[in-house]
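Peer 1: The sequence shown stops at residue 409 when you use my numbering, and every number in between is there.
For reference, the structure I am asking about is given below.
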Amino acid sequence: MNAFLPFTRPTLDEETIQGVVEVLNSGWLATGPQVAAFEAALADYLGGGRSVRVFNSGTSALETALALCGIGPGDEVLVPAMTFAATANVVVRAGAKPVFVDVELASRNIDLAQAEAAVTERTRAIMPVHFSGLPVDMDALYALAERHGLRVIEDAAHAIGSAWREKRIGGFGDLVAFSFHPNKNMTTIEGGALSIGDPALLEPLERLRFHGISRNAEGEIDVSVAGGKLNLSDVAARIGLGQLARLEEFNGKRRRLAMRYFELLEADPPGGLPERGDAGHSWHMFTLLIPFERLGLTRADFQSAMKEKGIGVGVHYPALPGFSLYREMDCREEDFPNARRIGRQTVTLPLFPAMEEEDVERVCGALREVLAGP
């Protein structure tokens with residue numbers, strides 16, 4: 036019998052594990068030399084002469100980006116209506132208002148024409164998500180931001196290793212936040228990073244990341260802002276160094292597996308396929324839209340049937356305006372038809388570097404059997 040195939044699983048090699056053991060034995064476990072080395076390696080990988088600082092989560096990186104932009108009560112931030120809850124939650128936590136914008140059906144990325152129509156005199160920023168690693172149209176995004184004087188905070192949680200016109204996401208632009216959660220293309224177990232283009236933001240970023248503390252030449256500390264405790268540990272950074280060294284390998288494998296899905300599903304698609312993109316797509320996930328209502332099947336039943344066949348299926352993501360928090364803010368899911376459809380029909384098929392093409396074939400065979408019914 037085949038082993039259970041989850042929708043994702045991290046790959047940790049023995050060299051990285053031994054490196055963690057060495058850090059544990061070093062006696063320096065919190066932020067230290069491994070974090071400095073990881074930040075330098077990330078900056079070098081992204082290119083563009085950027086400053087990169089790591090955090091204990093991608094969410095912390097987003098929250099810090101909002102604070103660096105001075106976004107707070109009375110401000111509005113444009114956010115896609117279909118993404119992980121953190122993208123909008125951080126705006127609420129900053130005291131600002133997330134203004135939802137529908138997404139494109141195939142790319143799942145924010146519809147920039149609708150985003151422009153949603154700009155008001157209170158709009159301070161736009162926070163696009165490079166969904167599943169497929170970059171938003173960066174030329175159109177930054178042209179929109181320039182026309183309206185907006186800050187751009189890129190939620191690149193899915194997009195480490197993605198590229199737009201051969202320039203890596205995070206290697207250019209305004210503020211770009213990454214996540215290194217275990218389900219991402221590379222992991223630090225929990226963690227994230229923020230890439231910034233303006234070096235003047237570096238000092239306030241570091242204060243916000245660690246208790247608002249700054250030091251003078253004599254080493255005396257001052258606290259000028261109520262910063263958080265958002266730093267990454269050296270243990271996590273050592274894992275990140277091992278993962279970053281293999282990121283191109285991981286992403287190359289993801290692309291090959293995604294193309295195999297297309298080969299098997301494109302001729303007779305069982306549902307809406309995602310946009311292919313180009314070589315700059317890092318393929319964090321492979322999502323499919325299945326018309327459950329028309330098929331007389333619930334998504335829960337589908338997931339259960341796939342699980343019985345030894346295959347895990349995720350859901351990425353429900354439409355944000357349908358959550359109770361945002362309904363209480365007078366948001367209506369029906370105002371965002373593409374996000375609503377995606378939220379009700381989406382399933383995430385297994386995709387991770389340890390898979391082989393035979394696993395993709397197994398997934399597609401099971402998918403067709405389940406959708407064909409008894």
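Every residue gets a Cβ at the ideal spot worked out from N, C-alpha and C, and that includes glycine.
Count the other CB atoms within 10 Å of the CB of Lys288; is the residue buried (16 or more) or exposed (fewer)?
Peer 2: That one is buried.
Peer 1: Find out if the Cβ-Cβ distance for the pair Gln278, Thr222 is shorter than 8 Å.
Peer 2: Yes, Cβ-Cβ distance for Gln278 and Thr222 is below 8 Å.
Peer 1: Which of helix, strand or coil does DSSP assign to Leu47?
Peer 2: Three-state DSSP puts Leu47 in coil, outside helix and strand.
Peer 1: Using a threshold of 8 Å, state whether the C-beta atoms of Ala96 and Leu229 are closer than that.
Peer 2: Yes, they are a contact pair.
Peer 1: Check the C-beta distance from Phe135 over to Leu355 and give it rounded, since I have them as a contact under 8 Å.
Peer 2: Yes, they are in contact, since the Cβ atoms of Phe135 and Leu355 sit about 6 Å apart, within 8 Å.
Peer 1: Hey, Leu185 and Ile161 are a contact pair by Cβ (cut 8 Å); roughly how many whole angstroms apart?
Peer 2: With a Cβ gap of about 5 Å, Leu185 and Ile161 count as contacting.
Peer 1: Assuming Arg157 and Gly105 form a contact by the criterion Cβ under 8 Å, report the distance between their Cβ atoms to the nearest whole angstrom.
Peer 2: Actually they are not in contact, since the Cβ atoms of Arg157 and Gly105 sit about 13 Å apart, beyond 8 Å.
Peer 1: Should Ile188 go down as buried or exposed, given a rule of 16 or more other Cβ atoms within 10 Å for buried?
Peer 2: Classification of Ile188: buried, given that the 10 Å Cβ count is 16 or more.
Peer 1: Which residues bound the beta strand (DSSP E) around Val114?
Peer 2: Run containing Val114: 111–115, per the beta strand (DSSP E) assignment.
Peer 1: Just list the residues that DSSP pairs Gly307 with in beta bridges.
Peer 2: Partner(s): Leu324.
Peer 1: Less than 8 Å between the beta carbons of Gly196 and Ser214, yes or no?
Peer 2: No.
Peer 1: Secondary structure at Thr66, three-state DSSP: helix, strand or coil?
Peer 2: If DSSP states are grouped into helix, strand and coil, Thr66 belongs with coil.
Peer 1: Is the stretch 372–383 in contact with the stretch 310–327, if contact means three or more CB pairs nearer than 8 Å?
Peer 2: Contact between the stretch 372–383 and the stretch 310–327 is present, because at least three Cβ pairs lie under 8 Å.
Peer 1: Which two residues bound the contiguous alpha helix (DSSP H) that contains Arg289?
Peer 2: Looking at the DSSP string, the run of the alpha helix (DSSP H) that includes Arg289 is 282–300.
Peer 1: Nearest by alpha-carbon distance to Ala340: which of Pro45, Ala72, Gly400 is it?
Peer 2: Nearest of Pro45, Ala72, Gly400 to Ala340, Cα basis: Gly400.
Peer 1: Ser61 to Ala252, Cα distance in whole Å?
Peer 2: The alpha-carbon atoms of Ser61 and Ala252 are separated by roughly 28 Å.
Peer 1: What's the gap between the Cα of Leu113 and the Cα of Leu237?
Peer 2: Taking the straight line joining both Cα atoms gives about 25 Å.
Peer 1: What runs of the alpha helix (DSSP H), each 4 residues or longer, lie entirely inside the stretch 206–266?
Peer 2: Entirely contained in the stretch 206–266, the alpha helix (DSSP H) runs reaching 4 residues are, in chain order, 237–244.
Peer 1: Can you pull the DSSP bridge partners for Glu189?
Peer 2: Paired residues: Val211.
Peer 1: Under 8 Å, do Ala131 and Gly107 count as touching if we go by C-beta distance?
Peer 2: Closer than 8 Å, so yes.
Peer 1: Lys342 lies in the alpha helix (DSSP H); which residues open and close that run?
Peer 2: 334–343 is the span of the alpha helix (DSSP H), which, as asked, contains Lys342.
Peer 1: Cα-Cα, which of Gly67, Ala153, Val154, Gly263 is closest to Ala100?
Peer 2: Nearest C-alpha to Ala100: Gly263.
Peer 1: Three Cβ pairs or more, each shorter than 8 Å: is that satisfied between the stretch 138–147 and the stretch 289–309?
Peer 2: Counting Cβ pairs under 8 Å, three or more are found: they touch.
Peer 1: Across which residues does DSSP place Ala160 in a beta bridge pair?
Peer 2: Bridge partners of Ala160: Val112, Arg186.
Peer 1: Kindly confirm or deny that the stretch 393–407 and the stretch 340–351 touch, where touching means at least three C-beta pairs closer than 8 Å.
Peer 2: These segments touch.
Peer 1: Considering only the beta carbon of each residue, do Gly232 and Arg88 sit closer than 8 Å?
Peer 2: No, Cβ-Cβ distance for Gly232 and Arg88 is not below 8 Å.
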